[in-house]
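Structure, as structure tokens:
2 protein chains.
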Amino acid sequence: MTRLTEYLLPTEKQAPADAEAISHKLMVRAGLIRQMGAGMWTWLPAGWRVHQRVVQIVREEIDAIGGREMLMPVLQPAEPWRKTGRLEIEELFKLHHRKGSELVLAMTHEEALAFHAAQTIHSYRDLPLILYHFQVKERDEPRPRAGVLRTREFVMKDSYSLDRDQAGLEESYERHVGAYDRIMQRTGLRFYRVESDVGMMGGLGAHEYMAPCPAGEDEVALAPDYAANVEVALKSSEVEQVGDRLLRGGEPLTVEPAIEVGNIFKLGTRYSEALGATYLDERGEAHPIWMGSYGIGPARLVAAAVEQFADEHGISWPRALAPFAVHLVTLGGPGTPERDAADRLYEDLRGGGVDVLYDDRERGPGEKFADAELLGCPLRLTVGRRSLDSGEVEVQVRRGRKDAPGLPLSGERAELVRAVDELWQSLP
Amino acid sequence: MTRLTEYLLPTEKQAPADAEAISHKLMVRAGLIRQMGAGMWTWLPAGWRVHQRVVQIVREEIDAIGGREMLMPVLQPAEPWRKTGRLEIEELFKLHHRKGSELVLAMTHEEALAFHAAQTIHSYRDLPLILYHFQVKERDEPRPRAGVLRTREFVMKDSYSLDRDQAGLEESYERHVGAYDRIMQRTGLRFYRVESDVGMMGGLGAHEYMAPCPAGEDEVALAPDYAANVEVALKSSEVEQVGDRLLRGGEPLTVEPAIEVGNIFKLGTRYSEALGATYLDERGEAHPIWMGSYGIGPARLVAAAVEQFADEHGISWPRALAPFAVHLVTLGGPGTPERDAADRLYEDLRGGGVDVLYDDRERGPGEKFADAELLGCPLRLTVGRRSLDSGEVEVQVRRGRKDAPGLPLSGERAELVRAVDELWQSLP
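Same order as they appear, the protein sequences are chains A and B. For what it's worth, our numbering labels the leading residue of the first sequence as -7, then goes sequentially. For what it's worth, our numbering labels the leading residue of the second sequence as -7, then goes sequentially.
Written out as structure tokens, the structure reads:
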């Protein structure tokens, strides 16, 4: 039931006046997101489909390394944050309930996880564990900007590893590196894993996943065998700055702007010690649990994909993230044979399990094609008068705007679905 | 990979000291939920599985009536709430961001939906629409109680219908009645749809879905052809109170405590007028959009299922909500033939797509059986020394604690899976 006449896809010719980032402009123009207030965004139905495609990839890969999905609250007592020394973070929203107790809105969930670990983990037999959730985070962001790239509220997947010692943490960390690498590969994005600072999280080491794109607020320094956050590179003895260039072993490094789409931290025992999360070993001795923390922001992956693959006509989704596989356009009004043919094609594709958005609106071809290119589904199928004459549906591949061979208009459904699927599988 | 040795299922012999409701006690004892603060709860992995089963049923039924899933923010500007006159609601959390603007934490999303409708709906051609999301809600609840039944934060599915006139609203409302009836039927709960007051939502009429159970804070008045919220019944001319009895047409009504698990409202134009959500008709005249609002609380459905079906040994899930279909218990330690047989059975069931939790811990049979009855999966399979002798896996049906005929221990995987599936399909 995804007929555009029964869908909410409010495309716009103009980008919001304050929009600078490509993703901000295009995601609003394509009807994927709308702002409710500065840094507070709504995902409209087509945008939410893209967001949830990222979520499902992340879920599958974290499940595959043994992650257990759960849900921790956003609204939390202030006490655990006081104990870890993070209550004073400026980005942390604080509030009071009507009886006066101090509450916070979680910006990440190390405190919650360590709090529950203290209650529920007793023995070395209970370890190791990987726990995760998808939950909204709130941050009192001083400068919300760039659409969904820097917001006051966003959904994050955060997972936490619990281990008995540093060797266990290193192993859980490596499993996350593997999962994150696969997540990034599956999204179809260009990305780098770079060493990073631990920042406000503390701990023993950290990496960031960076997606290069024009709206990036960070910078990565790159060489064929090297990738680092520029801030980290500049602190390294390997890298020297000569004028406005960075050199490593005498060779110049390329510097690209990039978005941080994920980060992973070896926390060590900072949070478990503060919150009393210990386990008893084989001899009955108590030790603090070793923790790791692993975040990934689906919204930023979505925006990075828009940034990396947009052209002057709009968005051009990688296959794995597209809201729909096929954008079907009918050029005939109700009652015309070309409209009937398009209706049949729509039912055949839907019946065959193809994700198809059907533009059945009474609009001109120019507007319909422009909207299809703006939304950026990988395949556009067009049924018009010409299709009836030639017996073929016109096929355009969005990325590169290439025409593909037409599909037979009146073939068997199974054959048609197979042809669309084959074409789909060949796309990046 | 759901071996209990690699899972977080912290069962407890004692219920929390402050717990009165059956669901509060059992959900904590079974390791499904843990409290982070008063009214602030974490869903542990097994609990989250149950919660998400309800979510998936709701999603399927709302999709089936044409609902479009999206996501609106919890953190919102105060302004739309001021416009609808709801900023003064005491349960509404208010806060400020660091630059001083007033924000709220949404307890429901009528304001957000009407705000976006004002931006994105222009013409009668854009209507009707049903939009929905699953999102956390925050309420400054003065008396959190009864585990997940009355909390400060909870996930709600709220959908909103947008129509051009009252007739359209009535139709959208009836579609929701159908969807809600099917949702309740699919969960396996005993429930009533009753007329209710519109309360703080305002509007033209409302119904509640009530699940009778001991922890209910509401009361429903029942007769074979009648069901109403007692508050509503008492205002009706049909019902009279005689002493401590309620009579309707001279016949006594039964009164049962019940939990409100869902509510649906014909809002009319209250929110759309306040927020300027209008559309142009065929003649170019502007009219306010007619709205309906439809909420359902997965957490309350989960708790109601616990309340309705618990016995003195623990939870007894209806099939549709069970965290796992099968709780497999091995009575042999590592290296024993019975342990090997249980390991093989586990792999066969998993390979056959059966949701199975495998208790592979080194604990005594008493503790394992007690934990299985507490968690309440519909089928328990036991592999011990006796299985090797008889060649059969023992089968217990949780509801009623009935033994079922044993399953052959060394049959073909496909046959075994078919036998488990057949038994499963026969359960309530």
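Every residue, glycine too, gets a C-beta built ideally from N, C-alpha and C.
1. Over the uninterrupted alpha helix (DSSP H) stretch that includes lysine 360 of chain A, give me the two end residues.
2. Closer than 8 Å, CB to CB, is arginine 174 of chain B near chain A or not?
3. Using alpha carbons as the reference points, say which of B/Pro326, B/Ala317, B/Ala333, B/Ile57 lies closest to leucine 349 of chain B.
4. Of all Cβ atoms in chain B, is any one closer than 8 Å to the Cβ of phenylalanine 85 of chain A?
5. Just the chain B side, please: which residues come within less than 7 Å of phenylalanine 107 of chain A by C-beta, in chain order?
6. Out of A/Phe126, A/Ala13, A/Gly29, point me to the one whose CA is closest to proline 65 of chain A's CA.
7. State the beta-bridge partners of alanine 213 of chain A as determined by DSSP.
8. Does any residue of chain C have a CB that is nearer than 8 Å to the CB of arginine 144 of chain A?
9. In chain order, what residues of the same chain have a beta carbon less than 6 Å from the beta carbon of threonine -6 of chain B, not counting five sequence neighbours either side?
10. In the DSSP assignment, the alpha helix (DSSP H) including isoleucine 54 of chain A goes from what residue to what residue?
11. So, at 8 Å on beta carbons, what are the nonlocal neighbours of arginine 391 of chain B in its own chain, with the 5 sequence-adjacent residues on each side left out?
12. What ranges does the alpha helix (DSSP H) occupy inside the region 275 to 330 of chain A, keeping only unbroken runs of at least 4 residues that lie completely in it?
13. Flag this pair as yes or no: are the beta carbons of alanine 106 of chain B and cysteine 205 of chain B separated by less than 8 Å?
14. Output the distance between the C-alpha atoms of glutamine 158 of chain A and isoleucine 81 of chain B, rounded to the nearest integer angstrom.
15. Is glycine 383 of chain A helix, strand or coil by DSSP?
16. Under the rule that 16 or more other beta-carbon atoms within 10 Å means buried, what is proline 397 of chain B, buried or exposed?
17. Would aspartate 273 of chain A pass as an interface residue toward chain B - the criterion being a Cβ-Cβ separation below 8 Å?
18. Quick check on the DSSP output: the alpha helix (DSSP H) that includes valine 412 of chain A runs from which residue to which?
19. One question on the structure: do proline -4 of chain A and leucine 36 of chain A come within less than 8 Å of each other, judged by their Cβ atoms?
20. Taking the alpha-carbon positions, what's the glycine 242 of chain B to valine 234 of chain B distance?
21. List the residues of chain B whose Cβ lies closer than 9 Å to the Cβ of alanine 104 of chain A, in chain order.
22. How would you write the range of the alpha helix (DSSP H) that glutamine 158 of chain A sits in, first residue to last?
23. Should leucine 239 of chain A be flagged as near chain B, meaning a C-beta pair shorter than 8 Å?
24. What does the Cβ neighbour count give for glutamate 252 of chain A, buried or exposed, with the cut at 16 atoms within 10 Å?
25. Rounded to the nearest angstrom, what separates leucine 337 of chain B and arginine 21 of chain B at their Cα positions?
26. To the nearest angstrom, how far is it from the Cα of leucine 161 of chain A to the Cα of leucine 196 of chain A?
27. Taking DSSP as the reference, what is the three-state secondary structure of valine 66 of chain A?
28. Closer than 7 Å by C-beta to alanine 291 of chain B: which residues in its own chain qualify, once you throw out the five before and the five after it? Chain order, please.
29. Can you tell me the Cα-Cα spacing of arginine 182 of chain A and aspartate 10 of chain A, whole angstroms?
30. Does the distance from the CB of glycine 376 of chain A to the CB of glutamate 339 of chain A come in under 8 Å?
31. Using 8 Å as the limit for Cβ to Cβ distance, is tyrosine -1 of chain B near chain A?
32. Is the region 164 to 180 of chain A touching the region 208 to 219 of chain A, taking contact as three or more C-beta pairs under 8 Å?
33. Using three-state DSSP, classify alanine 266 of chain A as helix, strand or coil.
34. With distances taken Cα to Cα, identify the nearest neighbour of histidine 305 of chain A among A/Ile14, A/Arg178, A/Leu226, A/Gly289.
35. Compare the C-beta of aspartate 132 of chain B against all C-beta atoms of chain A and say whether one is closer than 8 Å.
36. If the cut-off is 7 Å on Cβ atoms, which residues from the region 158 to 171 of chain A count as contacting chain B, listed in chain order?
Taking the structure as given:
1. 357 to 367
2. With a threshold of 8 Å between beta carbons, arginine 174 of chain B makes no contact with chain A.
3. B/Ala317
4. yes
5. Here the neighbours are Met28.
6. A/Phe126
7. Among the bridge pairs identified by DSSP, alanine 213 of chain A is matched with A/Ala220, A/Val247.
8. Among the chains of the structure shown, chain C does not appear; the protein chains present are A and B.
9. Correct list, in chain order: Leu349.
10. Membership of isoleucine 54 of chain A in the alpha helix (DSSP H) is indicated by the continuous run 37 to 56.
11. Once the five neighbours on either side are set aside, the close Cβ partners of arginine 391 of chain B are Phe301, Ser308, Pro370, Leu419, Pro420.
12. Entirely contained in the region 275 to 330 of chain A, the alpha helix (DSSP H) runs reaching 4 residues are, in chain order, 290 to 301.
13. no
14. One alpha carbon belongs to glutamine 158 of chain A, the other to isoleucine 81 of chain B, and they sit about 50 Å apart.
15. Here glycine 383 of chain A carries a coil assignment [DSSP, helix/strand/coil].
16. exposed
17. By this cut-off, aspartate 273 of chain A is not an interface position.
18. Following the DSSP letters along the chain, one finds valine 412 of chain A inside the alpha helix (DSSP H) bounded by residues 405 to 417.
19. Note that residue -4 of chain A is leucine in the sequence shown, not proline. No, the pair does not count as a contact, with Cβ atoms beyond the cut-off.
20. 10 Å
21. Met28, Thr34
22. Counting along the chain, glutamine 158 of chain A sits inside the alpha helix (DSSP H) bounded by residues 158 to 179.
23. It does not; no Cβ of chain B falls within 8 Å.
24. buried
25. 28 Å
26. 10 Å
27. coil
28. His43, Val140, Phe146, Val147
29. 27 Å
30. no
31. yes
32. The region 164 to 180 of chain A vs the region 208 to 219 of chain A: no contact.
33. helix
34. A/Ile14
35. A Cβ of chain A is located within less than 8 Å of the beta carbon of aspartate 132 of chain B.
36. none
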